[in-house]
Amino acid sequence: QAHAVAEEAAQAQLEADAEVDADVRQMQDVLQAEVLQASRAEATAQEQCLERVMALQADLLAERLAGEQQVLQEVSVLKAELEDERKGKQMATEKQHALRDECCSLKLAAREELQAAHSKERYMAEQEVRKLKQSLAEERMAGKELVSQKMLAVKGELA
């Protein structure tokens, strides 16, 4: 009988151990399922976080590119304005040189005209002096001839 009780006790122990093992396995399965679910949830959260990070990076990149594009456009506008200003200054300088050259040409032409006018006036004055000298010489000759004729007449009357 003790043997039967021991056998029953051993059997009960085996059944209890089997129940405990089944409970442990069931708890392990539940825990594994929870761990798997938590891992999946974590992977999903990481994936969502990664997607948000990538979206933020894309937004930041787009903003940076837009900002760089705007800066490049502003730089282009400023370069164009500077080029226009440089061309304007160059044109003003060229105009100033052209006006200076024209002024010098006009001064030179005026000087030449003045010299020509002076030369012409001098020539005309010299011609006038020659004519006057010639007239004076002719009048002197005529006067001498008249005096000679009168002297001859007076001599003729006296004779």
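For the sequence shown, our numbering puts the final residue at 186, and the numbers step up evenly by one. No residue lacks a Cβ here, since even glycine has one placed at the ideal position from N, Cα and C.
Q.
The alpha helix (DSSP H) that contains Gln117, what's its start and end?
A. Residues 29-185.
Q) Using the C-alpha atoms, what's the distance from Lys147 back to Glu155? A) Taking C-alpha positions only, Glu155 is separated from Lys147 by approximately 12 Å.
Q) Roughly how many angstroms lie between the CA atoms of Thr71 and Asp44, to the nearest whole one? A) If you take the alpha carbons of Thr71 and Asp44, they lie about 39 Å apart.
Q) Would you report the Cα separation of Asp86 and Leu105, rounded to the nearest angstrom? A) CA-CA distance, Asp86 to Leu105, rounds to 28 Å.
Q.
For Gln176 and Lys160, I'd like the C-alpha separation in whole angstroms.
A. The alpha-carbon atoms of Gln176 and Lys160 are separated by roughly 24 Å.
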